[in-house]
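Residue numbering for the sequence shown follows our numbering, beginning at 643 and increasing consecutively.
Beta carbons: idealized from backbone N, C-alpha and C, even for Gly.
Below you'll find the structure, written out as structure tokens, and then a few comments.
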Amino acid sequence: MTRALHKFPGLIAALLVIVLTLSGAVLSIMPAIDHAGAPPAAADLSVADIGERVVSNFPGVEQIKRSPNGRITAFYFDDGRPGSVVIDPATGQGTAPHAPSAFVRWVQNLHRSLLLGDGGRIAAAVGAGAMILLTISGLMLTARRHGGWKKLFARPRGALFGRLHVELGRFAAPGLLLSGTTALIMAASTFDLVPNGDMPAPFPEQVSGQTGVSPVAMALLRDTPLNELRTLIFPYPDDPSDVFTIKTSAGEGYIDQGTGELLSWAPASALQQVNETIYMLHTGEGAWWLGMILGLVAMCVPALAVTGLVIWMRNRVGRPNIAANASAGNADTVILVGSEGGSTWGFAATLHSELRAQGFRVHAAPMSRFAPQSYRRAERIIVLAATYGAGEAPASARGFPGRLASLPDDTPRIPMAILGFGDRQFPNFCAYAHRVADAARAQGWPTLMPMDHVDRQSPQDFARWGRALGVAMKIDPLELHHQPTLPRRHVFTLISRRDYGAEVQAPTAILRFSVPKRSGLWARLAGRTQPRFDAGDLLGVVPEDAGLPRFYSLASSYKDGFVEICVRRHPGGLCSGHLLSLEPGAQISAFIRPNPDFRPAPGRRPVILIGAGTGVGPLAGFARANHSGRAMHLYFGTRHPDCDLLYGDDLSRWRAEGRLSTVTTAFSRGATPMHVQDSLRRDAERVKRLIAEGAQVLVCGGRGMAEGVTAALSEILAPAGLSPATLKAEGRYSEDVY
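Below is the structure:
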């Protein structure tokens, strides 16, 4: 429901909201311009003083007006010709003609009524309401995705446009709520839906009939500071029945022009003062600095609209058309998909196509359309479930556990296989898929095969699960070659290599490639002829005769001027074997994929780097880039100190230069065999102290090593009431595992 409230008003009202915010941004700078152009006034200056000075310079003055930003304007007649001028309060003389901008008036009409009168005012109010709805629903979605309102400002993760959308939304939310709420109140006041609090003073029935009293002789004008003045209207010349009219922040009244006596007075009501405050909060009039802030916030809205549209379009195109989809009643295999952004549908399409090629009748549908009564011939149900936010159901899976629980007892229980899609960087990895599995088990649904996971949309994980599914379905073999759309690839040329591990039958190399040059007019104009990347990002290598990329964590950034990875040969590994056969001058086809969730967070808090084998690559890159000497503590596990201590000389140099505070190594085949998790346990007191100081933990290496590190840290941190899971929830624990 919340997603729908955010998505559909955003798509429908986007143009209207953009027009209102951009015009508001233009108007927001006017108070600052007004304030900057206002000559300064002494703090003890009274309305009587300014009135006397203006009269002496402009005998035909009709009105003196003070804007909320301090600019004083006199309106007068000279030989029957009207004029207006900006006044210097110190002298009462004019400093510049007062010439209202036609452009500003046009923008005001556009902002208030879309140039359409009352109908436009209603549309503008609808736009303000849509802005409030979008802001509140956006905050709710962000809180849900991050795991609750307490984590609303946690570091966003995911694709660039999604992160940018969240960052801009959180920054702009207070200003947008303020602008939208005050706009609705002002619109309601315009249509008399709420009282404005105006209580005008009654016009006096009797006056003295005399004229000629100077403003300085009027007690009220002497007692009213200039900064409280709104307007002072002079009586019509040669009309003894007319009076002075004064409006201030305290109220309004009438003064006899012959005696200076206050004839009537109406103090400003509390509601009137509230309405003036609302006007100030919306426009910045009287608080020019607030206007500038609101203008900056308003400029975020077009960017939010663009990023939101990109996210929506990516979600739309992310769901492929599944050809030859059998009907639910005729299918022997039902694939149910729970997807938020659409990527899980791509895996479903691959599975659907391969099962059809094996002769099965397959029906694919969203999990939200789960209807087992319709599956008359189904022999198995395969659930592909992604997780949204902190374990929430994705968009196409709403209500699935509830449907399971509400089924009649006589509903046939069809064997079910569940595959979860998620990202191990998040603390609630595949939590929704686990919830579905628990609900199915509680309702007595038989298991076709144990639940499994796909981490970060890995085609390799999917292929491994597919082979297990083939065994369960008695298909030999079932090969699922999922090929996601790959980014544009570049040619990387090998410039050097350092070899390790031959003595322990684990050939490993540090491969350094040149950075490819970008071509094209835009790249040259932008001055970015080389791709930007950082240590911890991924190099996607596409081996020959293989459509799926293999990803290697980068041990360098674009500032280093080279692309560096660590590669270990895997038995039967097509990509690792090819890379380790390269000699300097050889070329590969590859692309760079950002991995912003795996890198040191900004700031000066310490960082604990934990890696084993080639997992040291990005950690070495973090140390190499640590020019500021931030506290970094490396725990590195490998086989033997004499043959596969990757970056051995570099680690010593970085330690001497202060880029690494400590280096702790663990050798599984050394004189005292131990693993990296053992070195953590041995160093438990320092680890606890660093984490108590706010340290971030970055782990890179094999999945088994990462599980061992998690177990060790769980033991170390348990006395302090902490765990890797709590650190993940705080954005202080990240893994890059394979």
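Contact between the region 970-987 and the region 1023-1032 (3+ Cβ pairs under 8 angstroms): yes
Local conformation of W1087 per DSSP, three classes: coil
Helix, strand or coil at C1072 [DSSP, three-state]: coil
Extent of the continuous alpha helix (DSSP H) to which K1370 belongs: P1366 to A1371
Three-state secondary structure (DSSP) of S831: helix
Among A1035, N967, G734 and G988, nearest to L868 - alpha-carbon criterion: G734
Opposing strand residues paired with E1034 [DSSP bridges]: Y1030
Beta-carbon proximity of L664 to P944, cut-off 9 angstroms: yes
Residues near L1221 in its chain [Cβ-Cβ closer than 6 angstroms; skip 5 each side]: V1209
Cα-Cα separation between A1165 and V916, rounded to whole angstroms: Interpretation of A1165 is limited by its pLDDT of 46, a score under 50 that renders its predicted location unreliable; no figure is taken from the coordinates.
I654 burial status per 10 Å Cβ neighbour count (16 or more: buried): exposed
8 angstroms contact criterion, which R1324 and W1296 should meet: CB distance rounded: With a Cβ gap of about 22 angstroms, R1324 and W1296 do not count as contacting.
Cβ contact check for the region 1135-1145 and the region 1222-1239: 3 or more pairs under 8 angstroms: yes
First and last residue of the uninterrupted beta strand (DSSP E) at C1342: Q1338 to G1343
Within 9 angstroms, strictly: CB atoms of V1096 and V1157: no
Backbone CA spacing between P742 and M672 [nearest angstrom]: 12 angstroms
Counterpart residues of H1005 in DSSP-defined beta bridges: V976
Extent of the continuous alpha helix (DSSP H) run through I1137: Counting along the chain, I1137 falls outside any alpha helix (DSSP H), though it belongs to the beta strand (DSSP E) covering H1132 to Y1142.
For S1356, the nearest candidate out of S1365, G804 and Q1085 (CA to CA): S1365
Among D1320, A1362, R1374 and T1306, the one whose alpha carbon lies nearest that of V1339: R1374
CB of D676 within 9 angstroms of CB of S709, strictly: yes
Whether T737 touches P701 by CB criterion (9 angstroms): no
Given L907 as reference, the closest of P1248, A892, W748 and H1275 once Cα atoms are compared: The sequence shown places Trp at residue 907, not Leu. Selected option, being the one with the closest Cα: A892.
Reduced DSSP category for F1155 - H, G, I as helix; E, B as strand; rest coil: strand
Cβ pair count under 8 angstroms reaching 3, the region 996-1005 against the region 1036-1046: no
CA nearest to the CA of H1212, picked from R1192, I1230 and S1231: R1192
Validate contact between the region 931-946 and the region 829-843 using beta carbons, cut 8 angstroms, 3 pairs: no
F1175, DSSP secondary structure in three states: coil
First through last residue of the alpha helix (DSSP H) which encompasses G1219: L1216 to L1222
beta-carbon P1014 near the ligand ATP non-hydrogen atom, thresh 8 angstroms: This structure does not include the ligand ATP; it has no bound ligands of any sort.
DSSP-derived helix/strand/coil call for C1381: This structure gives no information on residue 1381, because the portion of the chain shown stretches from 643 to 1380.
Bounding residues of the beta strand (DSSP E) (the contiguous stretch that carries V1305): T1304 to F1309
Proximity to L913 [Cα-Cα], best of R695, N1070, P837 and D1176: P837
Between the CA atoms of P879 and A910 - distance to the nearest angstrom: 29 angstroms
CA nearest to the CA of V1184, picked from V1113, P1101, R1246 and L1261: P1101
Paired residues, beta bridge with Y1375 - DSSP: V1339
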